[in-house]
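Worksheet: one structure, shown below.
Residue numbers (our numbering), protein chains in the order written: chain A, -1 to 196; chain B, -1 to 196; chain C, -1 to 196; chain D, -1 to 196.
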């Protein structure tokens, strides 16, 4: 399969997943004499989770593009591994709404944060698996031949990217806010000009 | 019509249908002293149904691409048959949520499983009809001429693909879990490298 | 603007609108000892409205493609008229759910059917306006020059298409079922091989 | 990155955001002896907010196309600034439903209108930032070299576009209807043939 339609389908799923995130933010129902301002401010976890997830999905999209653009054609295993990556990206609207719903609750907030960072971790593992498969097993399908050294370096960078999400998932038992802060920091870091490689 | 825009529209519908599946998974409302962990585990049918449906839609997309890429141009009947295929693909988020809602209920679970596998069956029949129409009636629109023997073989493979969903639909009266297991097995089978043909 | 991106954006909106239709079909909540089968059959207006709307949107997409493919480039007024057409297409998920919700109610069913057919009518008027603008006012932007006679004939066919929706809207005061039947008949008619022109 | 896939992803997010707006319009639940006509008319803020937001998103899409089509390639900072623009566009379904929910309420209507116009303002600032970055800092990535004078004029026009939304946001404390009227006027103004520049 030419990579054109692979990209077009992936773009569709990624764009829809990013845009569906907003469905989690709804007009608040006011309780008693509560002011709308208070109610809107109260649901700040929804805004924070929305922004972090949206930027993270956007960065995955950028990295996805870089990964696929190295390919000349895609074979069946690549399509399937890409599908599993998309499956995890499409889970993020759920993980995001779970975190937003429980972050300020007196119970379940640690698990919710763990699921949130864990979903990012699962997505990153799926991404790394696909990248690994392309660079190590399907290097003959690459658009331009890459020296093994460079391929290893790209892969190392992808795998290094798993570390912060692993830490964020593990620290969810300590504090959901720490988890959220790490996920936010990762999004900001990759958005900086310095981090433009994949 | 050139097949480019046919693919672009089909990709859109298929990508949106796959991504909408996640809207069925929502943060659970805890009852009494229930823990979030327990509530999340309780809704495992939603995760199972999501994963099976997502992978199945993804495989349909791969097969759809293979089918359409054989065409040079598309005429009106092809567009309409393709539209009916998309109609059935877009039904899957409903069938998926129905199965997830009733799988563990004490009643209705057999019917829900039947509707679920039945929707896959309907989608597969729509796919086979379109493929049959292209290969037998519109072979002059093919990009590359295919010998009748090969066309028959491709078609046979497509029609063989109906069998497991027929069985899964029929066995829903016995057990919804058997139905679910068959649908999962079909998804896994087509995801294996060995099954890369259409 | 080249028509490529115009088509890509339009395809996106049309594909999403068609796929969102399914969100109106939800697993039924059973009342008392009601069986799931009964509850599923009871919501047949949802299935009928889904199928009619999906096919109608699909046919509009086919016609939209034919209309835009005649253009070499698109100017600002074309983009704006196209936007208004998309606005009416995107309204259809609401009109569809309104009809499905009230078709079998003891009150409001006539108005709901009127809004349903009226939305199709508004969409068709927006389509005809854009087609008229392209064929009569922007014929210098056409890919291939068309003789005035042919342009008039295409336009006449588009305008003739308004008649059944006008009738369907007007007859909503008599019976919502008549309205629904006309809308279904239009969808089936345009899906037939004979109606492949625009 | 070539601008093709940047456009394709942006088109996806913008098209989905525009189409999701309709989910805010739902069949009304009738209270007591209320007629459906009355209930439908009562929710006119939903229709007004839908139409204004849809057209505004459509115009942003047209302007986005003009902005990106000037580029030959996109680098990392452009992708990130574009992502922030998309983040604000994807917020609009929420802002729209907030305005529609509170416009006729006895409280919160001013804040809701402020959030609505404020979201348009934030989106416009993100747009202006990206355009400024492209025209002033990345002029070497432009498809065709533009004289500094012309670049300044394009930018001035983009920045002038912030004024009405600033006013609309500020006047929300006076009246939500004034805010809504300004947002509507902006949409109509940019839809006129005269305003076809960016």
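Where a beta carbon is used, it is the ideal one built from N, C-alpha and C, also for glycine. Everything numeric in this text was worked out from a predicted model, so none of it was measured.
What residues match up with residue 53 of chain C in a beta bridge as DSSP calls it?
-> On the third chain, residue 53 of chain C is found 55 positions in, with the first residue counted as 1. Paired residues: none, contrary to the question.
Any C-beta of chain D sitting closer than 8 Å to the C-beta of residue 184 of chain A?
-> Indexing the first chain from 1 puts residue 184 of chain A at position 186. It does not; no Cβ of chain D falls within 8 Å.
Should residue 10 of chain A go down as buried or exposed, given a rule of 16 or more other Cβ atoms within 10 Å for buried?
-> Position 12 of the first chain, counted from the start, is the residue given in the question as residue 10 of chain A. When all chains shown are included, residue 10 of chain A counts as buried.
Beta carbon proximity, residue 35 of chain A to chain D, threshold 8 Å | As a first step, residue 35 of chain A is located in the first chain; it is residue number 37 there, counting from the start. The beta-carbon of residue 35 of chain A is placed less than 8 Å from the nearest beta-carbon of chain D.
Which residue from B:134, B:163, B:67 puts its Cα closest to that of residue 5 of chain B?
-> Looking up residue 5 of chain B in the second chain gives position 7. Nearest to residue 5 of chain B by alpha-carbon distance, out of B:134, B:163, B:67, is B:67.
Between the segment 135 to 147 of chain D and the segment 83 to 93 of chain D, do at least 3 Cβ pairs fall closer than 8 Å?
-> No: the two stretches stay apart, fewer than three of their Cβ pairs being nearer than 8 Å.
According to DSSP, which residues form a beta bridge with residue 186 of chain D?
-> Counting from 1 along the fourth chain, the entry for residue 186 of chain D is found at position 188. Paired residue(s): none; residue 186 of chain D is not in a bridge.
Within the 8 Å Cβ cut-off, does residue 10 of chain C reach chain D?
-> What you label residue 10 of chain C is simply residue 12 of the third chain in a count that begins at 1. For residue 10 of chain C, the answer is yes, since a Cβ of chain D falls inside 8 Å of its Cβ.
Near residue 26 of chain A, what residues of its chain come up, given a Cβ to Cβ distance below 8 Å and the 5 sequence neighbours on each side ignored?
-> Here residue 26 of chain A corresponds to residue number 28 of the first chain, with the count starting at 1. Taken in chain order, the residues that qualify are 34, 37, 38, 40, 41.
Could you tell me whether any Cβ in chain B is nearer than 8 Å to the Cβ of residue 17 of chain C?
-> The residue given as residue 17 of chain C occupies position 19 in the third chain. True, the Cβ-Cβ gap to chain B drops below 8 Å.
Starting from the beta carbon of residue 100 of chain C, find every residue of chain D whose beta carbon is closer than 9 Å, and list them in chain order.
-> Residue mapping note: residue 100 of chain C aligns to position 102 of the third chain, counting from 1. From the beta-carbon of residue 100 of chain C, the residues of chain D found nearer than 9 Å are 25, 34.
Using a Cβ cut-off of 8 Å, pull out every chain A residue sitting near residue 88 of chain D, in sequence order please.
-> To locate residue 88 of chain D, count along the fourth chain from 1; it is residue 90. Within chain A, the residues near residue 88 of chain D are 16, 17, 19, 20, 52.
Could you name the residues that DSSP lists as bridge partners for residue 0 of chain A?
-> Along the first chain, one-based indexing puts residue 0 of chain A at 2. Beta-bridge pairing links residue 0 of chain A to A:71.
Assigned exposure category for residue 188 of chain B - 16 Cβ within 10 Å defines buried = Residue 188 of chain B sits at position 190 when you count from the first residue of the second chain. So residue 188 of chain B counts as buried.
Alpha carbon of residue 93 of chain A to alpha carbon of residue 176 of chain A, nearest angstrom | By 1-based counting over the first chain, the position of residue 93 of chain A is 95. By 1-based counting over the first chain, the position of residue 176 of chain A is 178. Distance from the CA atom of residue 93 of chain A to the CA atom of residue 176 of chain A, rounded to whole angstroms, is 17 Å.
Identify, in the order they occur along the chain, each residue of the same chain with its Cβ nearer than 7 Å to the Cβ of residue 16 of chain D, setting aside the five sequence neighbours on each side.
-> Counted from its first residue, the fourth chain places residue 16 of chain D at position 18. The answer, listed in chain order, is 52, 55, 56.
For residue 95 of chain D, does the count of other Cβ atoms within 10 angstroms reach 16, so buried, or fall short, so exposed?
-> To locate residue 95 of chain D, count along the fourth chain from 1; it is residue 97. Around the CB of residue 95 of chain D, 16 or more other CB atoms lie within 10 Å, so the residue is classed as buried.
Beta-carbon proximity of residue 82 of chain B to residue 110 of chain B, cut-off 8 Å = The count along the second chain starts at 1 and reaches residue 82 of chain B at position 84. The count along the second chain starts at 1 and reaches residue 110 of chain B at position 112. Cβ atoms of residue 82 of chain B and residue 110 of chain B: not closer than 8 Å.
Backbone secondary structure at residue 140 of chain B - three-state DSSP = Locating residue 140 of chain B in the second chain gives position 142, counting from the first residue. Strand at residue 140 of chain B.
Below-8 Å beta-carbon distance, residue 130 of chain D vs any chain A residue | As a working note, residue 130 of chain D is residue 132 in the fourth chain. Answer no: the Cβ-Cβ gap between residue 130 of chain D and chain A never drops below 8 Å.
Since residue 110 of chain A meets chain B, which of its residues come closer than 7 Å, beta carbon to beta carbon?
-> For this step, residue 110 of chain A is matched to residue 112 along the first chain. For residue 110 of chain A, the chain B residues whose Cβ falls inside 7 Å of its Cβ are 34, in order along the chain.
Any beta-carbon of chain C closer than 8 Å to the one on residue 122 of chain B?
-> Here residue 122 of chain B refers to the residue found at position 124 when the second chain is read from its first residue. At a cut-off of 8 Å between beta carbons, residue 122 of chain B makes no contact with chain C.
For residue 131 of chain C versus residue 79 of chain C, is the C-beta spacing smaller than 8 Å?
-> Along the third chain, read from residue 1 onward, the residue named residue 131 of chain C stands at position 133. Along the third chain, read from residue 1 onward, the residue named residue 79 of chain C stands at position 81. It is a contact, given that the beta carbons lie within the stated cut-off.
Expressed to the nearest angstrom, what Euclidean distance is found between the alpha-carbon atoms of residue 118 of chain C and residue 173 of chain C?
-> The residue you call residue 118 of chain C lines up with position 120 of the third chain. The residue you call residue 173 of chain C lines up with position 175 of the third chain. One C-alpha to the other measures close to 17 Å.
Please state if the CB of residue 180 of chain C and the CB of residue 166 of chain C are separated by a distance shorter than 8 Å.
-> Here residue 166 of chain C corresponds to residue number 168 of the third chain, with the count starting at 1. Here residue 180 of chain C corresponds to residue number 182 of the third chain, with the count starting at 1. Going by C-beta atoms, residue 166 of chain C is nearer than 8 Å to residue 180 of chain C.
To the nearest whole angstrom, what separates the beta carbons of residue 46 of chain A and residue 178 of chain A, a pair I think is in contact under 8 Å?
-> Position 48 of the first chain, counting from 1, holds the residue named residue 46 of chain A. Position 180 of the first chain, counting from 1, holds the residue named residue 178 of chain A. Right, their Cβ atoms sit about 7 Å apart.
Specify, as a first and last residue, the run of the alpha helix (DSSP H) that residue 167 of chain C falls within.
-> As a first step, residue 167 of chain C must be located in the third chain, where it is residue number 169. Residues 160 to 168.
Under a CB-based cut-off of 8 Å, is residue 63 of chain B close to chain A?
-> Translated into the one-based positions of the second chain, residue 63 of chain B becomes position 65. Contact with chain A is found for residue 63 of chain B, since one of that chain's Cβ atoms lies less than 8 Å from the residue's Cβ.
Residue 127 of chain D to residue 64 of chain D span [Cα, whole Å] | Along the fourth chain, read from residue 1 onward, the residue named residue 127 of chain D stands at position 129. Along the fourth chain, read from residue 1 onward, the residue named residue 64 of chain D stands at position 66. Between the alpha carbons of residue 127 of chain D and residue 64 of chain D lies a distance of about 15 Å.
Are there 16 or more other CB atoms within 10 angstroms of the CB of residue 43 of chain B, so buried, or fewer, so exposed?
-> Mapped onto the second chain, residue 43 of chain B falls at position 45. Buried: at least 16 other Cβ atoms inside 10 Å.
Check whether residue 48 of chain B and residue 71 of chain B have beta carbons under 8 Å apart = In the second chain, the residue the question calls residue 48 of chain B occupies position 50. In the second chain, the residue the question calls residue 71 of chain B occupies position 73. No, Cβ-Cβ distance for residue 48 of chain B and residue 71 of chain B is not below 8 Å.
Please list the segments of the alpha helix (DSSP H) lying wholly inside the segment 56 to 125 of chain B, counting only runs of 4 or more residues, in order along the chain.
-> Those alpha helix (DSSP H) runs which fall completely within the segment 56 to 125 of chain B and span 4+ residues are 74 to 100.
Enumerate in chain order the residues of its own chain whose CB-to-CB distance from residue 160 of chain D is below 8 Å, with the five nearest sequence positions on each side excluded.
-> Counting from one through the fourth chain, the residue named residue 160 of chain D turns up at place 162. Correct list, in chain order: 119, 122, 123, 126.
Do residue 1 of chain A and residue 69 of chain A have their C-beta atoms within less than 8 Å of each other?
-> In the first chain, the residue the question calls residue 1 of chain A occupies position 3. In the first chain, the residue the question calls residue 69 of chain A occupies position 71. Yes, the Cβ-Cβ distance between residue 1 of chain A and residue 69 of chain A is below 8 Å.
Report yes if the C-beta distance between residue 77 of chain A and residue 12 of chain B is below 8 Å; otherwise report no.
-> Start at 1 with the first residue of the first chain, and residue 77 of chain A comes out as number 79. Start at 1 with the first residue of the second chain, and residue 12 of chain B comes out as number 14. Against a cut-off of 8 Å, the Cβ pair of residue 12 of chain B and residue 77 of chain A comes out as no contact.
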